[in-house]
Structures are given as structure tokens and as C-alpha cells.
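When the letters of the sequence shown are read in order and numbered with the working numbering, they come out as residues 6 to 1152.
We put the CB at the ideal spot given by N, CA and C, even for glycine.
Note that this is a predicted model, so its numbers are computed, not measured.
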Amino acid sequence: MAEPSQLTQHIESFVDSSRSSTQQAASLDAIVSFVKNDVVTISSLVREMEMYLTTTDSIIRARGILLLGEALKCLSSKPLDAATIHSMTSFFKERLADWRALRGALVGCLALVKRKSGGMVISSDAKGVAESFLQNLQVQSLGQHDRKLCFELMECLLEHYPHAVASLGDDLIYGICEAIDGEKDPQCLMLAFHIMEVLVRVFPDPCGPIESFASDLFGILSSYFPIHFTHPKAEEDVEVKRDDLSRALMLALSSSPLFEPSVIPLLLEKLSSSLSSAKVDSLKYLSYCTSKYGAERIAKHAGAIWSSLKDAIFTSGQSFVLSFTPESLGGLGCQENEIAAEALALLEKVVIQNNDLFSSMIVGDEEINMVLNSITGCQSYNEIPLQSTQKLYSVGRILYVSVKASVASCSRIFQYFFSCLMESMGLPVVNGSGTCSFNDDCMISKRPDHGSLYLCVELLGACRDLAISSGDLASQCVSANETWCCLLQRFSTSLSKIFSSTLATTTDKPAHDADVYLGVKGLQILATFPGGYLLVSKSTCESILMTFVSIITVDFNKTLLWKLSVKALVQIGLFIHGSNESEKSMSYMDIVVQKIVSMISSDNHDIPFQLQLEAISDIGTSGLQYMLKIVTGLQEVICANLAEVYVQGNVKSAKVIIHLLECYSNELLPWIQKYEVFEEVLLQFVVCIWNQIENCMAFPDGIFEKELLDATMKVMKLVVASCSVESQNIIIDKAYAVLSSSTFLSMKDSLSSLQAQLEELEDTQETDKFSSRDEWIHSLFTSVIIALRPQTRIPNIRTVLHFLMIVFLKGYVTAAQALGSLVNKLDLKTSGTEHSGGCTFEEAMDIIFGKNLSSSDHVPAGRSGITGYWSETGLTSLCLGAADSGLLKIRSIDGLAWIGKGLLMRGHEKVKDITIVFLECLQSNGRMGALPLEENNCNWDMRLSAMKCAADAFQVLMSDSEPCLNRKFHAIIRPLYKQRFFSTIMPILQSLIIQSDSLLSRSMLYRAFANVVIGTPLIVILNDAKKLIPMVLDSLKLLSKDVLDKDIMYSLLLVLSGILTDKNGQEGVIENAHIIINYLIGCVTYPHTMLVRETTIQCLVAMSELPHTRIYPMRIQVLQAVSKALDDPKRAVRQEAVRCRQAWSVI
């Protein structure tokens, strides 16, 4: 047992009101720990506290009772015997009469009543607590926290002991009403409303005690509707939001049908409120109460509800703005405000609940029939007055919701209004034998007016949506015996003709946009009815598809109609694909997809080619089988045109291919990459391209523009990247086989050694030593290498390495990118003997850097096209001066940069060696050697370019690459690789800059520094902002001297801006405030780009937030500099200058 002195000390610490809340909480935790660990029992704790629980000192007594109550609260899971529970309950029940110690009594009672296991309060004790509550507590006279505890206690009693407290009858209900009446605190009201809801469940008998108190309960609850926060901190209250409180009140008001006679009139009355929030709440409450009160009770208010709903929809009719854009074809076609949306939702609910009653009201409504009778007076959308237009759209939404509500309402409302609309649209009704029949073979007597067209589309859309809303409902709805089905069957063909005629007679003018939209949407709805061809015949559906296809191929000059038709075909295709209707799918495939594909493959280019591609890419997204057909057809067209280009040199075909490839890569590939079903198709496409190149041995010259090659390379990379490892193995084998047949790899004598190749490069200085065919082969081969997965096997890696190095030394950057991708993905653990021509990662590095490793090692005779060796010259030597050609040095540095990037991203330590090479190149006294006095200007420029290239190599290392080495192309990326490189290279760069005594070297080192900083995440820069800011400013000063450096200067300025605006960089900014401001003042008039001037002024605005003493001395200079920017030719700069002047003027 714990030492009495310890327990007493903790008790005294909690009871002592002069102690801090932290000390009191610690004492409570210690006491609870004693009890939980059975060091002290509850009984011994009570005995120890006896003096504090019974003392006449009200403050000490209150603290003692609160301590016992809080301890029980923390011991909710501690098993307690029945006697202890009973004695504790009796004690706290009696203490409810002690108003000075009330909080502790409430906490104790609540803790006991909430217990769910390990000893619970019995029903008789719970009833006793409730009686004491009702006898002793005047809840509304208490503070907020105590009121909240009272409500929590009553809520718990009602939920956990309903039968015990129900025996209190009227006293309980009266006491609760008295406790709640007048409450205003949001947290307390949440509990109060829930208490009202639970109270009704405690007395479920409608003839019981609740009946006599129904008006009193309603009177209390109704005073809070609608919920409106007046508390100044309501918006900041994270526990209770207005919507939460409103929902709690709604649940309380709907909890008993006894409230219906009062609640429904109240809610209908509030619909006339000028507050939109009150209207929305009224509609939400009505909707919820409707389902709770039942159809019989709601029927008594049907007339009032319909009248109020109609008024709410009509008065908010200005929100029904019809959208005539292609995007709206798949939705409602109009925008609704919240009031209208809630009113229509309520209308749907009451129609479902009381179909006959509300359907009769809608059919017989004078205002709706008046709108229906007046619509024929205006032929076009522009002729209808605005007020009439809003009413028309309101009626349309009412009819749509009512028809869609249920099968019964659909038949009743559709039958009445549809026949009227058919008459107004010129379709005669033939009467006979007391029944109506409809002649579908009649000629259309007149062009339909806009109103009739709109309402007809709304009715058809409602029927369609009702039928497809669920599988079970669809089978129930689509029946030949249903009235609306009979009507639709008889009128569908005529309707399709009417809609089609609307499209045929319109022009591409804004005045006809509404009719065009409705005509297209009507045809789309007819084509998307479920149930096969039961409702709309096959010939009609196919006629609709042919109409849209005809518009696409003929009426392409009517922009809106063309776009709407494409969108409609997409929606129809999506419906058919989702409904699994095979017969419709076949029609869609034959009429739409096949026609679109043949349009691309034909020589008829009357339709703008971009529109053809837009149509084919959009329609392809309507279903997997359609996209598969389109992709296959597009690939055949590409391959066929490639053959014409390769064999005949057809320039027209080359231009076609460029557009096709762009569509394939930008529009189709992102969609088909999500589905494995396209794997085989993609593989065949790539193999087809390689077959085309392999079969053409002599390419005509002069037609292979860079644009065509770039487009083909892009597609090759994206398609290969989408393939699996198995498919990629097939592709790389095929690509290597074609590469082996190229002129370059078949020349044995001239390629006897790499050194010979380098000497040839130095002598000729030519950038392109390949034939057109060889250039295509190596360009596409590098694209394949870039896109491979790490697990894909590359044949004859040694040969590939040598080949790629020679290609990028001839000036092809893609070969360097491929080499970087190869070293990034090469398996570090491979033995190099798994397949012919394989090598380990270390051997690959030796080949690249020239470590006396023969290229023919482990390569069987006759298998490698390159028989030279990489013994005397490696990339390192080329970069540092082994070659006399400055151009070769530049290319070597470029290649080494991409190789370094591949190594850096995978976190390989070999990148350090490459970094050292770049740093050596940046120093004029390094291994590159000093520039001799007799060196001519050309060589000087080349040497300078090489140093600049070495500095920009750090940009390659640190920047994100789009063409290669990214996740899209399966690069191995080690987390935080940029951060690690920054922490390694930055101290070296800082040291070299300080030690450099050459202006040229220092400028190049600063350029490298800038590239590293730009590519590093800002959060890393902020950690060293204090040391980096002076170097950033020095870099900016050097970069501002050359107009060609404006882009890198702007990027570095953005980094400085990030430091200035982040609080983590404030220490360094404050320390260097003067030099920062001095530099920024000089850049305000930077002439070469507006972005620099704008960002500079934004930085000055950020500087104005620094401590007054640090920036006030610079105030005059800043204002003078900014005044010049007020006359800047660019508006954005002038706006920032005004902001800056305002910020600095108040300093």
C-alpha cells in the first residue's frame, strides 16, 4: 500500500486551490495510478478523503468531491463491486443538492452512469439520480460548463436507463423542458436537441405522456428555427458548426409524428423568409420530416406543400441558366442554386410518397398549363422574354423530377404532357373509339418551337434516367404495358426526325445555339434508352448514329454542332459499353468507330486533320473495345505512311505521320496505359516500326525532318515504357538486331578502335557522320534504352556502351541520355555472364571512364560490331584535355553529365568522380591547362564554352528531366538524393570559390553554385540560408552581366524570393538586409526580361516586413528605385511597383 503521506500529499495538492492546474493534474494522475495498480482501493481512498468530502469549508469540500468524481471518471474501466458502485452513486446523488460542490457531484454521477462493464449502476440508483436531478437542479441558472455536464448526465440516463427514468412520467418531461428552455450555448444545445430526440423514444406511445407535452416541446424547439449563430466566436468554434446544430434540431423536430401539426406549417411559413439560409433549412427539414411523419400525415398538407414548392422553384428560377456547351450533355444541362436544388429534391420525395395526389396537382396546375400553352407563341430561344424563359426552365425541372420519381408518376405525368407537346410540335393525334393512337408515319408539318423542344427533351431525359437508375427498376420500367413506353415506341422515330431536322436547319450562329444543343441532346437521349431496341427501334438508333457521323464528316465548319455531336457519340458509346448491350455495341462499332478509323486512313482530307484526330481520340475513350479498334487502326495508318516515307520519300505522308504520332502520344496513350489489354497491341506497333526501318535499306535524302524523327522517338519511348518486361525483352532484341544491320556497326575496318574514331572526330569536327537510315536507327534505339525497366535484359551491353559513347560524341544528346538511363538501371549484382555480351556494373564504369578494359572481353568473336578498345582514352581524359578538339570536350562533358545524373539518382558513389571532373574543368589552373597567349579567339571561345558546359552540367544533375530518367521511364530514384548531393558539393564549391584567384574560374564556379541551388528543394536551402545568401547575391551579380543568362538568373532570383518570404530564413535575411536591398535596387530596371523586374520588386515588398531598424536607412533608395518602375512598359511590373511603394512609404 502507498505511504499515507504520499497519498495525502497528492490529495492536498489537488484540493489546494492555490496550486497550478499542472500540479493538480499531476496529483490526480498519481492518485488514479495508485488505484489502477491496486496500491490503493476506492474504499481506502474515500476514507482518506473523508475530511475533505464532509468539511464545512465549501471550497475544500467542492475540491474534494471534484477529485473523487474525476478519479472515478479516469477509472471507468476499473472493475468495482456492486456495493462500492451503490455507495458512490448514493453519495453523489445526495451531493447534487449541494450547489457549492455541484460540479464534482455532476462529474461523479456522470462517471458512474457511463460505466458499461466492471460494475454498473443499477436501475433503481439511476432513477434516484434522475429524481435528485429534477428536484435540486435549476439548470439555466448554472454556468456553461455545469449546464453542459447536466445535459450530458440527462442524455446518458435517457440512453442507458430508459425504463428506469420512464417511470418518472410527466415529472421527467417537465423537468427536461424547464432545463432546456432558454439555452443559447451551441455545445449545450447540441446535447439538448439530442435529449429531445431520445426523450421521444423513451415514451414511444403516441397516447402517452409525450402527447400532453407535444405543444410545449415544439414551442421550445421552434424558437431555435432557423439556426442562426450570434456568438462572436461561432466561426472559430471547431466543436460545433452551424450545420451540425441545424441537423440536431432537425432530428429533434422529426422525432415524433405528434409534432407534425405544428412543424409542417412552421416550415412552410419560413419558406417565405427573406433569408436564403432559412429557405434552404426549411426545405431540408421538410424533406426529412416527410419521410419520418409518413404519407398519411403529409397528405393533409399536400396542397400547401405543392404551392410552396412551386413558388420556391419559380422564384429561384433565375438560377436555371441553360448551358449549351458540349460538357453539359452528360449532366443536367443547367445550373441550380441551393434553394432550387433542395426544392426539387423535396418534390421528388413527396411524389414518391404520395404519387396520385401530387401527380394530380402537377397535371392540373393552372400555372404550369399556362406556360405550356404559351410556349408555341415564340419560335426561337431569343424571342422568349427572360421572365418567360426562367418559368419555362422551372417547369422543365419540375416535370423532369416528377417523371423521374417513380414509374407511376412517370406514366401519369408523361402521358398528359407528352401528348400536348406532340400536338404543339406538329405531330397529329388520331382519335378513335375513345382511345388515342398516334400516327408515326406522318410528315412533320412545322419546325418545333424552342419551348416544346426543351420540355420534350426534359421529359425524355427523365424517362431514360428513371429506366437506368437501377437494374431492378429498369426491368420494371421498360415494359410494353407501361403508358410512357407505348408513347415512346410510337413517337420515337418521328422525334428523331424532328431533332435531326432541327440540326439540319440551323447555322453556326449564337442565335441557334439553344436549338442545336436541344436537338443533339434529344437524339442522344433516344439512343441511350435501356432495354435494347424495345423502346427505340434499331433503325432509329442507327439513324441517330449516322446523323452524328455525317455531321462530323460534313458539317465540320459548324463548330458548336460538330463538338456537340462528338460529345454525344462519346456519351452514347459510354452508355452502350456500360450496359453490355451486344447488338447496340455492334452497331456502334460498325457505324461510328469503323467510319472514324476509315476517315483517318482515307486520302480524303477535306475535313481538317486536327478535327479528325480530335474526334478519333474522344470517341476512343467511350469504351475499351472501341479504343482497341481505334488504336489498331491508327497504328496501321502510321505504319502505312511510314512505309511511304521510307520508300518513296512522300513529304505529305511525313506531315500526316507527325500529326498522328502527336495524337497517339498525347491523347491515346495516357488513356490506354491504364489497361493491360493493350499490351499486345503496343508491342506489335513498336515491332512494326522496327520492321519498316529494317526492310528499307536505302532512305531517300532530304525529307527526314527533325520534327518527324522527334515525334517518332517520343512515341517509341512512351510505348516501350508502357510495356511489361517480357514485351520489352522482345523489343530490345528486335531493336538490337536492326542496329546490328546498320552501316555504322557493320563497318569493321574504319571502326577498328575507338581511338581511331576519336581522331576522325577531331579532324573533321563534323556533328553528323551518319546516313539518314543510321540516324533513325540509333535515335530510336536510344529511345528504347531510355524507356526500359530495370529488370529488362539488354543484349551485348559492352557493344551498346561503346556504341552509345561514340554516338553522343558525334553530337547526339539522346545517346548520352540513354547511357545515363542504362547506368541508372543496370543491376549492381549481375555477374556479367548471364548472357552474351553482358558485363558487371563495375566493368561498365571501367568502359566509360577508360580503365584499360578491352571491349572485346567476354564478347564472342563475330558478335560485336565494335572491335576497338577503350584503353587510351576515356570520358574523363576527354573532358580534361586528352583531345585537342574543344567541341569533343564539350560533348564529353555533356555525356558525362547525363551519366552522372543516372548515378546520382540511384545514389551510387561513383558520381563523386564525375563531380571532381566537372570541378577540374571549372578551374583555369586545373588539368585543362592555362590558355596560351598565342591561342586564337576561336579556341578561346571553345575553351570558354567547355567551362560553361561543365558549370551547366550541375543543372543536368539537379534538375528534373522530362525526356529521360524519371518515374515515367522507370528510373531508379533514391529518396532525398538532391539533398545528399547538396550537402556534399556545397562545402567544396564554397571552398573553391574562396580559394580561386582567377576571375574566369570564380565566375564559372558561381554559375555551378547557382545551378545546384536552383535544383535543391527550398527547405534544404533555408537551413543554410545565413551562409548561402551572400553567395546567391554574388552569383546574381555575375549572371546579370550576360543577357544569355537571364533564365538562370530568374530561377536563382526565385530561390532568393523563397528565402525572403519564409520565416525559417529570416535570421540570414536580417543579417544581410543591406546587401540584399542594394542588389535588388539595381535589378529593378533589368532590361532583358520582365519576370526578373517583377520578382525583384516582389522581393523588395517582402523586405519591407523586416525589423524597422534594419531597413529604415534604405527607405529613400528603395522608393527612388521603385519610382522608376512605375513607368515600366509591363503592367504586371507597374502593379508590383505600386504595392512596393505603398509598403515602403509607411516605414
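Rounded C-alpha distance that separates residue i from residue j
i       : j       : result
Ile530  : Ser776  : 58 Å
Gln1000 : Leu1043 : 18 Å
Gln14   : Thr46   : 17 Å
Thr989  : Leu1124 : 41 Å
Ser292  : Ser282  : 15 Å
Cys71   : Leu258  : The residue you asked about is not Cys; residue 71 is Leu in the sequence shown. If I take the Cα positions, the gap works out to 36 Å.
Gly900  : Leu574  : 50 Å
Leu938  : Ser1006 : The predicted model places Leu938 with a pLDDT of 44, which falls under 50 and marks its position as unreliable, so this point remains unresolved.
Met1108 : Val1048 : 26 Å
Ile643  : Val720  : 11 Å
Ser727  : Tyr631  : 20 Å
Arg5    : Asp286  : With the chain running from 6 to 1152 in the structure shown, residue 5 is simply not present.
Arg105  : Ile64   : 8 Å
Ser860  : Met810  : Reliability fails at Ser860, whose pLDDT of 36 lies under 50, so the model's placement of it is uncertain and no value is given.
Val525  : Ile596  : 17 Å
Leu674  : Leu723  : 8 Å
Ile367  : Ile225  : 36 Å
Ala87   : Leu117  : 12 Å
Val656  : Ile782  : 20 Å
Assigned exposure category for residue i - 16 Cβ within 10 Å defines buried
i       : result
Gln140  : exposed
Gln822  : buried
Ser220  : exposed
Asn1083 : exposed
Glu877  : Confidence at Glu877 is low in this model, with a pLDDT of 42, below 50, so the placement of that residue should be treated as unreliable; the coordinate-derived value is given next. When all chains shown are included, Glu877 counts as exposed.
Ser22   : exposed
Cys926  : buried
Glu157  : buried
Arg68   : buried
Leu397  : buried
Val376  : buried
Gln615  : exposed
Ile1121 : exposed
Trp875  : Legend: pLDDT at Trp875 = 33, less than 50; position of this residue unreliable, no value from coordinates given.
Thr330  : exposed
Asp1052 : exposed
Leu177  : buried
Ser321  : buried
Asn378  : exposed
8 Å contact criterion, which residue i and residue j should meet: CB distance rounded
i       : j       : result
Thr552  : Ser505  : 5 Å
Ser1045 : Tyr1091 : 7 Å
Arg1012 : Lys1068 : Their Cβ separation, rounded to whole angstroms, is 30 Å, which puts Arg1012 and Lys1068 out of contact at 8 Å.
Ser399  : Ile318  : 5 Å
Asn734  : Arg803  : So it is not a contact: roughly 18 Å between Cβ atoms.
Leu33   : Glu75   : 6 Å
Leu1033 : Val1018 : 7 Å
Ala955  : Phe923  : 5 Å
Phe234  : Phe264  : Rounded, the Cβ-Cβ distance is 24 Å, inconsistent with contact.
Tyr1055 : Val1089 : Rounded, the Cβ-Cβ distance is 14 Å, inconsistent with contact.
Proximity test, residue i beta-carbon vs the ligand PLP heavy atom, cut-off 7 Å
i       : result
Ile1102 : As far as ligands go, the structure on display features none, and thus does not contain the ligand PLP.
Query raised in the report: Between the region 974-987 and the region 903-916, do at least 3 Cβ pairs fall closer than 8 Å?
Result: Contact between the region 974-987 and the region 903-916 is present: 3 or more CB-CB pairs across the two stretches fall below 8 Å.
Query raised in the report: Do the region 1100-1113 and the region 1135-1151 make contact, defined as three or more Cβ pairs closer than 8 Å?
Result: Touching, yes.
Requested in this report: Kindly confirm or deny that the region 149-156 and the region 171-183 touch, where touching means at least three C-beta pairs closer than 8 Å.
Outcome: Segments in contact, no.
Query raised in the report: Taking three-plus beta-carbon pairs below 8 Å as touching, is the region 844-853 in contact with the region 992-999?
Result: Flag = no, the region 844-853 and the region 992-999 do not touch.
Query raised in the report: Should the region 545-562 be called in touch with the region 352-367, which here means at least 3 C-beta pairs below 8 Å?
Result: Verdict: no, contact absent.
Query raised in the report: Which parts of the region 1010-1069 are runs of the alpha helix (DSSP H), unbroken and 4 residues or longer, counting only runs that do not cross its ends?
Result: Within the region 1010-1069, the complete alpha helix (DSSP H) runs of at least 4 residues are 1023-1028, 1030-1044, 1051-1066.
Report task. Let me know the alpha helix (DSSP H) ranges lying completely inside the region 121-166, each 4 residues or longer, listed in chain order. Result -> Listed in chain order, they are 128-141, 149-165.
Query - Three-pair Cβ contact test at 8 Å for the region 557-574 versus the region 453-463 - result: The region 557-574 is not in contact with the region 453-463.
Query raised in the report: How do the region 1023-1038 and the region 956-975 stand: do at least 3 beta-carbon pairs fall below 8 Å, yes or no?
Result: Contact between the region 1023-1038 and the region 956-975 is absent, because fewer than three Cβ pairs lie under 8 Å.
Query raised in the report: Going along the chain, which unbroken runs of the alpha helix (DSSP H) with 4 or more residues stay wholly within the region 344-376?
Result: Residue ranges of uninterrupted alpha helix (DSSP H) with 4 or more members, entirely inside the region 344-376 and ordered along the chain, are 360-369.
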